[in-house]
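The sequence shown maps to residues 9 to 620 in our numbering. Only one structure is covered here, and it is reproduced in the block below.
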Amino acid sequence: MNKYVITLATALGISASLMSQNVSTYAGKQYLGSGDYNATSNNNLLDELFSYPLGIAIDKNNRMWTTDQHNVMILDGSLSRIRGGFLGDPNEPGAIGIDNGTGTVSRFNTPQGVEVNKNTNDVYIVDTDNALIRKGTQFVNVSNGTVFTTVAGNYSFSGDHVDGLTSAAYFNTPTDIAINSSGEMYICDFGNEVIRKISAGKVTTIAGKPKTSGDAIGTDARFYAPTGIFLESDDYMLIADRNNKKIKRLNLKTNEVTNVVTSGLNMPSDVVAVNGRIFIADQYCIKVFDGTTLKVYAGQEAEMGYTDGAASSAKFGLINLFAYRKADSAFYICDQVNNVIRRLTLQDPPTVDFVANKTAVNVNQTVALTSNCTRTTSYTWSITPSSYTLQSGSKLSDKNLYVSFNSTGSYTITLQGANSSDKVTTTKQNYINVSSTSNLKPTCDFVADALTPSMVQTVRLFDLSDNTPTSWLWTITPTTYTLMNATTTTSKNMDLKFNALGLYAVTLKVTNATGTDQKAKTGYINVVANSNRSFETVNTITVFPNPATDKITVKGLHAMKQVILTSVNGQVIAAKFEENVIDLSGVSAGVYFATIIDQVGGVYQTKFIVNP
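Structure representation (C-alpha cells):
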C-alpha cells in the first residue's frame, strides 16, 4: 500500500501523544481491583474495562489478541473487540466455564498466555484455571465470529499431569504458550513445574520433572513456578523461572537447560528477546540483559504505581505477560493491577564514536571533532587537559565540536552519547597531539557545520588551517547572505544566514608572515526550503540505484515512516513509498535530498540523482 507523509501510527491505532512518550497507556481505563466490565462488545481502546489483563500476542496483521479474567479480546485499530467469553460481570454465575462455540457463547476461566500461529493466523489460548489449551479461529472481520474449540487437555479443578494424546492429556494451571514456525506448540505448565510440547496430536514433557520443584540445569532440569516462555528460534526457548528468580534457556533439539540470568531478579513473570537483548517482566518494571549487565529498562525496581512518560520515571502495577510488536518497535505490557495495556517504545542503546579531522596540529589551530554516533539524542564532550578554547559558539553538548588547543602536549578526548535507553562513553587517550611550529606557510582548510541549511538557520564556517594563520578572508558566491553574531568576512570563523535558496561556493584565503594559501569549495552549501539540524546522516544508510529513474531502494534503517524530497531549488515533494522503496514516477530529473524518518524516530538525509 502506498503511503504519503506519515501514516503508520494512525494505521496501528497509535495517537501522536502516545508516540511522544516512552511509556503510555495503550488500552484500558485504569482502576484498581478487578471485576469491572463493558456490556458492549466493541469499545474505544481507552474506554475498555479489563479485569486483570493477563496475556497478549501479535497477529500477522499487527492486531493484538489479549486475555483477561474471563474474556478473549482483539485490539483492532482504535477499538477493543470482545471475541470470546462472557459479556458481563465476571462475578456473575455462568461467567466462567469451559464452553466452546462462536463469540460470547464460549466461556473461559482465567485465560492467560495467548499466541498466534503465524501460518494460519489462528489464536491459541492457555485457559489457566480450566487447565485447557483452546483455539480461536483467525479474525476476518467483525461480522465473522471467532469460533473457539479445545485442542488439548481435560478440565480439572485441581490439575494433573498426563502425557499422551491431546484428548487424554492433563495440565495443571498452564500460564503461557509459544508456537514455532511449523505450528508445534510449547506450554509453560506452571503447576506441574515443567515445559510441555504439543506436536502430531500428542503432548510430551520436554523439560523439568512433573510436580517437582527445584533449581537444576542440564537434561535433568528443575523449575520452580515457570511462568513465561519465549521462542528465540525454533531451536531455543527462554523461560522465566519465577520462584528461582532466574531466566533459563532450553535447547529444543537436546532438551538441555542452561542458565542465562541468575541474579538481580525479584519475580520474573515473562521474557522477550529483541535485537540481541533480553527483556524481562520483573514485578513492577521491565529489565534488560545485554549478555553481561542486567538493569531496569522501564518502571521502578520496588515501587508499584501508575505513571506514563519517560521510561525512567514510569510506574507499573504488577506486570504479567508482555509482547513485542516489530511494526512500531514497541512492547505491549499487561499491567495486571492497573487493568490496562501499557505501551513501551524500544530504544536500542546508542553507539558512540567520533573522529578528528586532524590529530597532529599546532597551538591555536582549530580541530573539528565529528561524532559518528547512532541512536543518540544527547552528547557530552570532555577534554583533558583543560587548556583549550571552544570556537565560535561551539558547546560541549553539541553533536560536533570545534576546538583549538592553547598549549603543546597530548589531549585525551571523551564523548558520552545517551538516549532514553542508555549512556555509552568512548574515550581516546592522547588523541590530539599539539606542537608549536613557526616559519611555515599556512595550509588552508575549512568546514561548515551545515551543508543543507534553510534560510532561517545560522551556518558557521570554521577555519581548520595548518601553521597558524594570522589573517583570513572569506568569499561567498552568490552574495545573498547576511553576516551574524558580529562576525565579518575577515573573522577567523564566520557566521551567516542565507537569503535565497540554491547552491553557494565558499572560498577562504589565509595568511601568515611566511605566505598565503586559499581553498575554494564550489557548490559547497545547498540552501533548501526545509532543514533540521537534528537530521542525522549516517554511513549505514544506502540508496540504490543512484542515479535512478523510476524508483530507489533504501537500506540501513528501520522501515520508513515518512519521506520528503527536496530539489536543489527548494521545491518540496511528499514522496510516495512502500516498504523501503521510494516511488520516483512523476519526479522530474535533477538532484534531490531525501529526508527519511523511520519507525523508531530516526531521521536521515541522503542525496541522489533522478535521470530523465
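Beta carbons: idealized from backbone N, C-alpha and C, even for Gly. What you are looking at is a predicted structure, and each value in this text was computed from that prediction instead of being measured.
Quick test of your reading: Leu354 and Ser277, contact by CB under 8 Å. State the CB separation rounded to the nearest angstrom. With a Cβ gap of about 19 Å, Leu354 and Ser277 do not count as contacting.
I'd like to know whether the C-beta atoms of Ile185 and Gly161 end up nearer to each other than 8 Å. Their beta carbons are not under 8 Å apart, which means Ile185 does not touch Gly161 by this criterion.
8 Å contact criterion, which Ile349 and Ile327 should meet: CB distance rounded: Contact between Ile349 and Ile327 does not hold, since their C-beta atoms are separated by about 11 Å, which reaches or exceeds 8 Å.
Would you be able to state if there are at least three C-beta pairs under 8 Å between the segment 88 to 108 and the segment 168 to 186? Because the criterion of three Cβ pairs below 8 Å is not met, the segment 168 to 186 and the segment 88 to 108 do not touch.
Which of the three DSSP states is assigned to Arg257 in this structure? Here Arg257 sits in strand by DSSP.
My understanding is that Thr183 touches Gly93, with C-beta atoms under 8 Å, so please give their C-beta distance in whole angstroms. Between Thr183 and Gly93 a beta carbon distance of about 18 Å is seen, past the 8 Å cut, so the two are scored as non-contacting.
Please confirm whether Thr522 and Leu404 have their CB atoms less than 8 Å apart. No.
For Val571, tell me which candidate among Thr557, Ala368 and Glu587 has the shortest Cα-Cα distance. Relative to Val571, the option among Thr557, Ala368 and Glu587 whose CA is nearest is Glu587.
Rounded Cβ spacing between Ser59 and Asp84 (contact assumed at less than 8 Å): With 8 Å as the limit, Ser59 and Asp84 do not qualify as a contact, their Cβ atoms being about 20 Å apart.
By how many angstroms is the C-alpha of Val580 removed from the C-alpha of Val134? One alpha carbon belongs to Val134, the other to Val580, and they sit about 52 Å apart.
Distance check for Asp591 and Phe585, CA to CA, integer angstroms please. The straight-line gap separating the alpha-carbon atoms of Phe585 and Asp591 is approximately 5 Å.
For Tyr34, which residues from the same chain have a beta carbon less than 6 Å from its beta carbon, with the 5 sequence-adjacent residues on both sides left out? So the qualifying residues of the chain are Ile349 and Arg351.
Rounded to whole angstroms, what's the CA-CA distance from Gly96 to Asn149? Just pull it up for me. Across the structure, Gly96 and Asn149 are spaced so that their CA atoms are roughly 22 Å apart.
So Glu264 is in the beta strand (DSSP E); what residue range does that whole segment cover? That run of the beta strand (DSSP E) goes Glu264 to Val269.
Counterpart residues of Asn50 in DSSP-defined beta bridges: Asn50 pairs with Arg89.
Closest to Pro620 by C-alpha separation, out of Val599, Thr557 and Met463, would be which residue? Nearest of Val599, Thr557 and Met463 to Pro620, Cα basis: Thr557.
Please name the residue, chosen from Leu62, Leu53 and Arg71, that lies closest to Lys334 on a Cα-to-Cα basis. Comparing Cα positions, the closest option is Arg71.
CA-CA distance, Phe231 and Lys217? Looking at the two C-alpha atoms, the distance is approximately 8 Å.
Using CA atoms only, rank isn't needed, just tell me which of Lys68, Tyr163 and Lys143 is closest to Thr157. Proximity to Thr157 across Lys68, Tyr163 and Lys143 peaks at Lys143, based on C-alpha coordinates.
Looking only at DSSP bridge pairs, what is Ser593 linked to? Ser593 is not bridged to any residue.
Does the Cβ-Cβ distance between Asn252 and Gln399 come in under 8 Å? In this structure, Gln399 does not lie closer than 8 Å to Asn252 by Cβ.
Could you check the C-alpha separation between His78 and Pro234 for me, to the nearest Å? Using only the alpha carbons, I get a separation of about 22 Å.
Could you tell me whether the segment 375 to 384 touches the segment 358 to 366, using the rule of 3 or more Cβ pairs below 8 Å? Contact between the segment 375 to 384 and the segment 358 to 366 is present, because at least three Cβ pairs lie under 8 Å.
Looking at the structure shown, is Lys334 part of a helix, part of a strand, or coil, going by DSSP? Here DSSP, grouped into helix, strand and coil, assigns Lys334 to helix.
Looking only at its own chain, which residues have a Cβ that is under 8 Å from the Cβ of Met9, when we skip the five neighbours before and after it? Residue placement at Met9 cannot be trusted, given a pLDDT of 32 that sits under 50; what the coordinates show is reported in the next sentence. Correct list, in chain order: Glu586.
Could you give the residue range of the beta strand (DSSP E) that holds Leu423? That run of the beta strand (DSSP E) goes Gly417 to Ala426.
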